[in-house]
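I have placed the structure first, in the form of structure tokens, so that the comments after it can refer back to it.
In my numbering, the protein residues as written are 1 to 316.
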């Protein structure tokens, strides 16, 4: 049964869907901490190549099956997981997609490779639950595209520009290797999901000590004469509440700032502190969004045999 207000499927079954993580760096390890709390997903394995990484050590300590020879090792034990999270790099992800073809596994991509359709949970989750590969865009995309969409649904956006500022300390090797992909993938998401006719994305790694929390600036130019300040303010506030359902540290820094047909929205994201400190909101919003997507996919599949689904079918 679909709860439209909260955009989720209710499921009364007790079965959990098995999931695994590819990558044992910062993103994969934070993801591990979140998945272990899920009431819908059962994390069973972490797949890496560095047996001495903190992520694999934590996975082993928590009773997960640890695989140290990458995706090849998982393909020897495919029963371990139905959904895989790829927390490696854009280049590695392309290889993983190829290796998993025909396996029947679903892959949630936390790299900016953009191989599959891009998903922002409160905007277009329902469109892609059956896709073999879905892409989580970037941390900046997950933080700012909902705002662009919120503006665009009440005032057509001709141009949107976002600036994502994150603590340098929170950017691991994978994030740093993907800077070029970040700008390209985020820009595309601003346009295709956010709805802007043209978009631009900038990321800044701030080396300040103590580290700052993630801050995002969203600048939108709307069509001439289309600006409705009250409608835009209400739409943005409603969207922030939607994101807060799975990222509690996501919030407005101030009310939207208007200047004729332009509006600027200031967002900050405080992390939950599951793995890195709370300044790592960029890490938190990616992993929380990925878990949200996986839970929606799992509920959709498990719901096919749940009593909730059966009751809903009986009422039609």
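Every residue, glycine too, gets a C-beta built ideally from N, C-alpha and C.
What you are looking at is a predicted structure, and each value in this text was computed from that prediction instead of being measured.
Please report how far the alpha carbon of residue i lies from the alpha carbon of residue j, in whole angstroms.
| i | j | result |
| --- | --- | --- |
| residue 32 | residue 21 | 8 Å |
| residue 86 | residue 290 | 10 Å |
| residue 277 | residue 268 | 15 Å |
| residue 200 | residue 15 | 43 Å |
| residue 106 | residue 148 | 28 Å |
| residue 255 | residue 265 | 7 Å |
| residue 47 | residue 24 | 7 Å |
| residue 17 | residue 34 | 15 Å |
| residue 124 | residue 192 | 11 Å |
| residue 210 | residue 279 | 9 Å |
Is residue j closer than 8 Å to residue i when the C-beta atoms are compared?
| i | j | result |
| --- | --- | --- |
| residue 270 | residue 213 | yes |
| residue 97 | residue 117 | no |
| residue 140 | residue 203 | yes |
| residue 285 | residue 247 | yes |
| residue 177 | residue 89 | yes |
| residue 236 | residue 150 | yes |
| residue 114 | residue 185 | yes |
| residue 157 | residue 222 | yes |
| residue 80 | residue 65 | yes |
| residue 137 | residue 295 | no |
Whose C-alpha, out of the options, is nearest the C-alpha of residue i?
| i | options | result |
| --- | --- | --- |
| residue 229 | 238, 261 and 241 | 261 |
| residue 197 | 279, 161 and 17 | 161 |
| residue 353 | 144, 251 and 205 | The shown model of the chain, from 1 to 316, leaves out residue 353, and the question about it has no answer. |
| residue 101 | 71, 112 and 124 | 71 |
| residue 53 | 99, 67 and 40 | 67 |
| residue 263 | 58, 109, 296 and 224 | 224 |
| residue 207 | 293, 299 and 170 | 170 |
Under the DSSP definition of a beta bridge, which residues are partnered with residue i?
| i | result |
| --- | --- |
| residue 251 | 268 |
| residue 45 | 20 and 65 |
| residue 85 | 21 and 108 |
Apply the 10 Å Cβ neighbour rule to residue i and answer buried if 16 or more other Cβ atoms are within range, or exposed otherwise.
| i | result |
| --- | --- |
| residue 182 | buried |
| residue 3 | Its pLDDT being 45, under 50, residue 3 is placed unreliably by the model, and the measurement read from it follows with that caveat. Exposed, by the Cβ-count rule. |
| residue 274 | buried |
| residue 75 | exposed |
| residue 93 | buried |
| residue 238 | exposed |
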